[in-house]
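Please read the structure below before turning to the comments.
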Amino acid sequence: MTAHDYLSIVQAAFATVSMSLVSIVLGVPLGLGLALIRWSRLPLLNRATIVYVSIVRTCPSVTLALLIFFALPEVGISLDPVPAGILTLTLSTAAFNTEIWRSALMNFPRDQYDAALSFGMRRGLRLRRVVLPQIVRSSLPALVNEMTLQVKSTPAVAVLGIVEITRAAIRVGARTYQPLPPFIVALALYSIIVFAFVRTQRVIERRYARADAS
Amino acid sequence: MNGFNIVWQHRDMIIGGFENTLMIVALAAIGSFTLGALLTIPLMSRHRGVAGLATVYVDTMRCVPFLLFVYLIYFGLPSLGIQFDNWSSGVVALILYNTGYMAELLRAAWANLPKELIEAGHAFGFVGWGLFRRIILPPVLFSAIPLIGNQLIQIVKDSAFLTVIAVGELTHQATSLQTTYFVPFASFIAAVVLYWVTCVTIESTVGFANRFAEARR
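Top line first, the protein sequences correspond to chains A and B.
First residue of the first sequence? That's 788 in the working numbering, and the numbers climb one at a time after it.
First residue of the second sequence? That's 425 in the working numbering, and the numbers climb one at a time after it.
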């Protein structure tokens, strides 16, 4: 492997990281929105959300990516590989995040909600000032866990021709006829990314703990 | 709607892929569960070195994306002189990868086991393999049932990655149907529905098994 090969895999790591980040930034609030729909039992949307979560959670991300990339043009929406990849990742992470947010909402102590109600807080204010700060905290570990799984499912979009870590490593391996070294570099890069997420979670948790102590 | 007609006419392709997926998933589930249960023993070993080695294996599997691991098995093993055809290397990759996850979730269930249970086993003269099989494994399995169910669904989803090494499973068949007849929407929807049916079946079976386990406890 030459320096250029290493560089190409590291460059692909930026694609992996940025696609993961974009899909997380879009998918976490989307999941929260869907969880709130389920929590408030909005008549029709509740049903739709249940179906959406059930199907997307069980659908392999490769199949979802292929469906979005090849089938959407049939109904007149054609996407380039990168937006299609981001859409795939966002839709799938949102489904998992919905379940995480929902379980936090289910476990939220009812009395606090009622207390906020008795202070005459409006729905939006109750949500923003009482519910959200606490469920963000209680679902943080599960959300970060899902983010690391998300990083690991990014190679699924390689089937659309997007060059991310795995695909870059395969290219180098195919050119040099030595598949093992690039794979080990790729493995190291994934570990670093996953570790960064876990590390960030620890830092945030420590900050929460310090806020508690003071 | 025309697309669905074409898919229906060539349903044997999709069904063939579906059967293949089910076969692969069944083999991978049995294999990874057995190996995972065995790997739990060194994971829980009192010897630091043994436990450390097993932990390295588990942690590595948890860091590698499955797709990368498939390529590693498919392209990497031949350079060590071990050669498989596509289908077997796909199954081997699924088994080895999920063994790490199975071992980890069984380990967590084992660690939560009350100490008294094992001490009682010792008092009745159970040691080594007998202790593991008769005293430790049954309650561990019962409490890990929901997690094992989740892992089975993960295996179903991972099996779709095997399309990259041309294993003729469901996603691969859906792709070849769509490239031959250009019916992307219908063929992928068919695949998604079949995956969904599989996973819902697994979920409800696991739910049933869990109620049975609760009743026995």
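Where a beta carbon is used, it is the ideal one built from N, C-alpha and C, also for glycine.
Note that this is a predicted model, so its numbers are computed, not measured.
Continuous alpha helix (DSSP H) stretch holding residue i: start and end
| i | result |
| --- | --- |
| A:Pro-868 | 868-893 |
| B:Val-474 | 472-487 |
| A:Ser-841 | 830-845 |
| B:Gln-433 | 426-433 |
| B:Val-621 | 608-640 |
| B:Leu-565 | 561-583 |
| B:Gly-592 | Careful: B:Gly-592 lies outside any alpha helix (DSSP H) and carries neither H nor E. |
| A:Phe-906 | Here A:Phe-906 belongs to no alpha helix (DSSP H), and DSSP marks it neither H nor E. |
| A:Glu-992 | 967-1000 |
| A:Ser-795 | 790-827 |
| B:Phe-493 | 490-495 |
| A:Met-934 | 919-940 |
| A:Thr-850 | 848-853 |
| B:Tyr-498 | Element bounds for B:Tyr-498: n/a, residue is neither H nor E. |
| B:Val-515 | 510-535 |
| A:Ala-945 | Run containing A:Ala-945: none; DSSP gives neither H nor E here. |
| A:Glu-951 | Segment: none, A:Glu-951 is in no alpha helix (DSSP H) and carries neither H nor E. |
| B:Ala-544 | 539-547 |
Residues of its chain near residue i, where Cβ-Cβ distance is below 6 Å and the 5 sequence neighbours each way are ignored
| i | result |
| --- | --- |
| B:Leu-462 | none |
| A:Val-959 | Asp-792 and Pro-969 |
| A:Arg-825 | Asn-833, Thr-836 and Arg-889 |
| B:Ala-533 | Val-564, Ser-567 and Ala-568 |
| A:Gly-818 | Ala-881, Asn-884, Thr-885 and Trp-888 |
| A:Thr-935 | Val-981 and Phe-984 |
Buried or exposed by the 16-neighbour rule on C-beta atoms within 10 Å, applied to residue i
| i | result |
| --- | --- |
| A:Leu-919 | exposed |
| B:His-546 | exposed |
| A:Met-806 | buried |
| A:Met-893 | exposed |
| A:Val-990 | exposed |
| B:Asn-522 | buried |
| B:Tyr-498 | buried |
| B:Asn-510 | exposed |
| B:Ser-628 | exposed |
| A:Thr-770 | In the structure as shown, chain A begins at 788 and stops at 1001. Residue 770 of chain A is therefore absent and cannot be evaluated. |
| A:Tyr-995 | exposed |
| B:Ile-506 | exposed |
| B:His-596 | buried |
| B:Pro-538 | exposed |
| B:Ile-454 | exposed |
| B:Pro-502 | exposed |
| A:Val-946 | buried |
| A:Ala-975 | exposed |
| B:Phe-612 | buried |
| A:Pro-896 | exposed |
| B:Gly-554 | exposed |
| A:Leu-912 | exposed |
| A:Gln-899 | exposed |
| B:Ile-433 | Note that residue 433 of chain B is Gln in the sequence shown, not Ile. Label assigned to B:Gln-433: exposed. |
| B:Asp-582 | buried |
Proximity to residue i [Cα-Cα], best of the options
| i | options | result |
| --- | --- | --- |
| B:Leu-496 | A:Ala-903, A:Gly-872 and A:Thr-953 | A:Thr-953 |
| B:Leu-530 | B:Leu-501, B:Asn-426 and B:Leu-467 | B:Leu-467 |
| B:Leu-491 | A:Ala-1000, A:Val-944 and A:Ser-978 | A:Val-944 |
| B:Gln-578 | B:Ser-611, B:Asp-436, B:Leu-504 and B:Ile-519 | B:Ile-519 |
| B:Tyr-525 | B:Phe-612, B:Gly-573 and B:Ala-584 | B:Gly-573 |
| A:Ser-879 | A:Ser-1001, A:Ala-852 and A:Tyr-977 | A:Ala-852 |
| B:Glu-528 | B:Met-447, B:Ile-430 and B:Gly-460 | B:Gly-460 |
| B:Pro-489 | A:Gln-988, A:Tyr-839, A:Leu-808 and A:Tyr-977 | A:Tyr-977 |
| A:Ile-811 | A:Pro-942, A:Leu-967, A:Arg-993 and A:Val-931 | A:Val-931 |
| A:Ser-925 | A:Glu-992, A:Ala-973 and A:Val-946 | A:Glu-992 |
| B:Ala-610 | A:Gly-814, A:Val-862, A:Leu-831 and A:Met-788 | A:Val-862 |
| A:Leu-808 | A:Leu-823, A:Pro-966, A:Leu-859 and A:Leu-874 | A:Leu-874 |
| B:Ala-584 | B:Val-494, B:Thr-484 and B:Leu-571 | B:Val-494 |
| B:Asn-444 | B:Phe-612, B:Thr-587 and B:Ala-637 | B:Thr-587 |
| B:Val-580 | B:Asp-436, B:Ser-456, B:Gln-433 and B:His-434 | B:Ser-456 |
| B:Ala-571 | B:Arg-472, B:Ser-469 and B:Gly-631 | Position check: residue 571 of chain B holds Leu in this sequence, whereas Ala was assumed. Selected option, being the one with the closest Cα: B:Gly-631. |
| B:Ile-448 | B:Met-437, B:Val-516, B:Phe-550 and B:Gly-476 | B:Val-516 |
| A:Asp-999 | A:Gln-921, A:Thr-941 and A:Val-972 | A:Gln-921 |
| B:Ser-512 | B:Glu-638, B:Asn-536, B:Val-591 and B:Glu-543 | B:Val-591 |
Close-in-space but distant-in-sequence residues of the same chain around residue i (CB under 7 Å, 5 per side omitted)
| i | result |
| --- | --- |
| B:Ala-633 | Ile-569 |
| A:Ala-955 | Ser-795, Ile-796 and Ala-799 |
| A:Tyr-839 | Ala-882 |
| A:Gln-937 | Ser-807, Ser-810, Ile-811, Leu-876 and Thr-880 |
| task | Pull out every residue of the region 480-495 of chain B whose Cβ sits closer than 7 Å to any Cβ of chain E, in chain order. | result | The structure shown contains no chain E; the protein chains it does contain are A and B.
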